[in-house]
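Undergrad: Chains as they are written, first to last, in the numbering used here: chain A, 1 to 193; chain B, 1001 to 1193.
Ideal placement from N, C-alpha and C gives every residue a C-beta, glycine not left out.
If you're wondering where the values come from, they're calculated on a predicted model, not measured in any experiment.
Number of protein chains: 2
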Amino acid sequence: MMHDRLPLFLQSSGHVGQREAGEIATHFTRKEFAKHDFFLKEGRVSQGYLLLEEGAMRAFAYDTEGNEVTTGFFTKNQAVFEVSSFFNRVPSKENIQALSDCVGWCLTFEQLNHLFHTIPAFREFGRSVLVKGYAALKDRMLSTITETAEERYAHLLETKPELFHFAQLRHIASYLGITDSSLSRIRKEFLKK
Amino acid sequence: MMHDRLPLFLQSSGHVGQREAGEIATHFTRKEFAKHDFFLKEGRVSQGYLLLEEGAMRAFAYDTEGNEVTTGFFTKNQAVFEVSSFFNRVPSKENIQALSDCVGWCLTFEQLNHLFHTIPAFREFGRSVLVKGYAALKDRMLSTITETAEERYAHLLETKPELFHFAQLRHIASYLGITDSSLSRIRKEFLKK
DNA sequence: ACAGTTTCTTGTCATTTGGCAAGTGGAATG
DNA sequence: CATTCCACTTGCCAAATGACAAGAAACTGT
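#1: Ends of the beta strand (DSSP E) at A:A79?
#2: Return the residue from the list B:I1172, B:Q1047, B:S1012, B:Q1018 that minimises the CA-CA distance to B:S1092.
#3: Between which two residues does the beta strand (DSSP E) containing B:T1071 stretch?
#4: Grab me the residues of A:K76's own chain with a C-beta within less than 7 Å of its C-beta, minus the 5 sequence neighbours each way, in chain order.
#5: Going along chain B in order, which residues have a C-beta closer than 8 Å to the C-beta of A:V83?
#6: List in chain order: all unbroken beta strand (DSSP E) runs of 3+ residues lying wholly within the region 26-69 of chain A.
#7: When you check each C-beta in the region 1050-1069 of chain B against every C-beta of chain A, which residues fall closer than 8 Å?
#8: By the three-class DSSP mapping on this structure, what secondary structure does A:P161 have?
#9: Measure the alpha-carbon distance for A:S181 versus A:N88 and round it to whole angstroms.
#10: Between the region 1103-1120 of chain B and chain A, which residues of the former have a C-beta closer than 8 Å to a C-beta of the latter?
#11: Distance cutoff 8 Å, beta carbons only. Does B:R1123 sit that close to anything in chain A?
#12: Give the interface partners of A:G14 over in chain B, defined as CB-CB distance under 7 Å, in chain order.
#13: Please decide whether A:R152 counts as near chain B, where near means a Cβ-Cβ distance under 8 Å.
#14: Provide the residue(s) that pair with A:L107 in DSSP beta bridges, ordered along the chain.
#15: Below 8 Å between beta carbons: does that hold for A:V69 and B:A1135?
#16: How would you label B:G1171, buried or exposed, when you count the other beta carbons within 10 angstroms and need 16 or more for buried?
#17: Under 9 Å Cβ-Cβ, which residues of chain A neighbour B:F1074?
What follows is the structure, given as structure tokens:
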């Protein structure tokens, strides 16, 4: 069948049953992205809520000097969306770009709302996606305050090793809140151990 | 009437009409907190979703050396909840404590779910609360990466000056991701201007 | 009002990190 | 094959911040 992995993903949150997952899945549109394609561009209102089936993406913004700052990474079986632009229908301050060829399933804001108000289980699913992203960001925020750059690096290497296949080190550096030179030095120290 | 400001707050998100706001408000329970009372204690499952009408609260966790780290501040007309513990029904890693005497309106998880599934406008309200908190945290995360400690301090002073009435400087320091000594020096520099 | 505690400031010094520039290596291009 | 480009590394120095400790100021409870 065309949608085989999407229903499984919908069920994985624990809020959606098998029958409902099949029904919900029919409303999604398959999207493909070539490496470097943009899913969202700065200044535009986000048009999609994407469940990523294959590949990886990166969200980034610019600081006041015009340097790219990576604000997030997305890997397969994750929801990809810019919360403020998508839900509040306002222009995005961020870009989201494919780090590799990607495949995913997409909903517009209207489609998502329709499902949200129509299918209680999808409401729970949608809420759990939001809650999970929010909680993960809280953890990241706390770790940037309490941990050293080296600890944050080690932690990322442990928990998301696949990122190092997809992303450049300078992308990872700005995600960790350090310069690429510092990351390079940290990696050097790290090899000694 | 007993609930006078609560319906106004519910309406302020733009998703709840006047009639619905009154209906929704009847499900909330009034809660009072004395200064230093805990709304949530580390290790326990959060039992409440609070709309704060008066006063201020602080969320904090501990780093590996046992130092308090402020993870968030809440002031009046804000929703107060620990997203992970409240929505996932798991023990909290954070504490939430009143910085002053407080008054608010509270919902249990069951009550919130009931309203959520019963009243479409409340679904929108609940989602907008989550989205707003999530987006604010994204902004804070980006600013800790792109801005200097002094810029973050100046920004907080501009946007949330009332915090400086409620919170101690060391609470604000750890919220900004610096030590209290550093904050003290930054404030000294700041006075020169 | 007093003693005791906590918070805040300040000094000194060490450490981390950034800024900049040069150099290396690999991949892409013509 | 040579050239160019880009990512990454490295060295040097400056700036920001942390760690620790001492002292001043503010708050607390009796």
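TA: On the basis of the coordinates in this document:
#1: That run of the beta strand (DSSP E) goes 78-80.
#2: Measuring from the Cα of B:S1092, the nearest candidate turns out to be B:Q1047.
#3: Membership of B:T1071 in the beta strand (DSSP E) is indicated by the continuous run 1068-1075.
#4: Shown here for A:K76: same chain residues with a beta carbon closer than 7 Å to its own, the five before and five after excluded, namely L52, E53, E54, G55 in chain order.
#5: Ordered by position in chain B, the residues that pass the 8 Å Cβ test against A:V83 are V1131, Y1134, A1135, K1138.
#6: For the region 26-69 of chain A, whole beta strand (DSSP E) runs of length 3 or above, ordered along the chain, are 29-33, 38-40, 49-54, 56-62.
#7: In summary, the residues of the region 1050-1069 of chain B whose CB is separated from some CB of chain A by less than 8 Å are A1061, D1063, T1064, V1069, in the order they occur in the chain.
#8: Three-state result, A:P161: coil.
#9: Per the coordinates, the alpha-carbon of A:S181 lies some 37 Å from the alpha-carbon of A:N88.
#10: Hits within the stretch, in order: F1116, H1117, P1120.
#11: Chain A has a Cβ within less than 8 Å of the Cβ of B:R1123.
#12: What A:G14 touches in chain B: nothing, since even the nearest Cβ is about 10 Å away.
#13: The beta-carbon of A:R152 is placed no less than 8 Å from the nearest beta-carbon of chain B.
#14: Beta-bridge pairing by DSSP links A:L107 to A:Y49.
#15: 8 Å or more divides the Cβ of A:V69 from the Cβ of B:A1135.
#16: A small correction: the amino acid at residue 1171 of chain B is His; Gly does not occupy that position in the sequence shown. The C-beta of B:H1171 has 16 or more other C-beta atoms within 10 Å across all chains shown, which makes the residue buried.
#17: Under a criterion of Cβ atoms nearer than 9 Å, no residue of chain A is adjacent to B:F1074; the nearest Cβ is some 14 Å distant.
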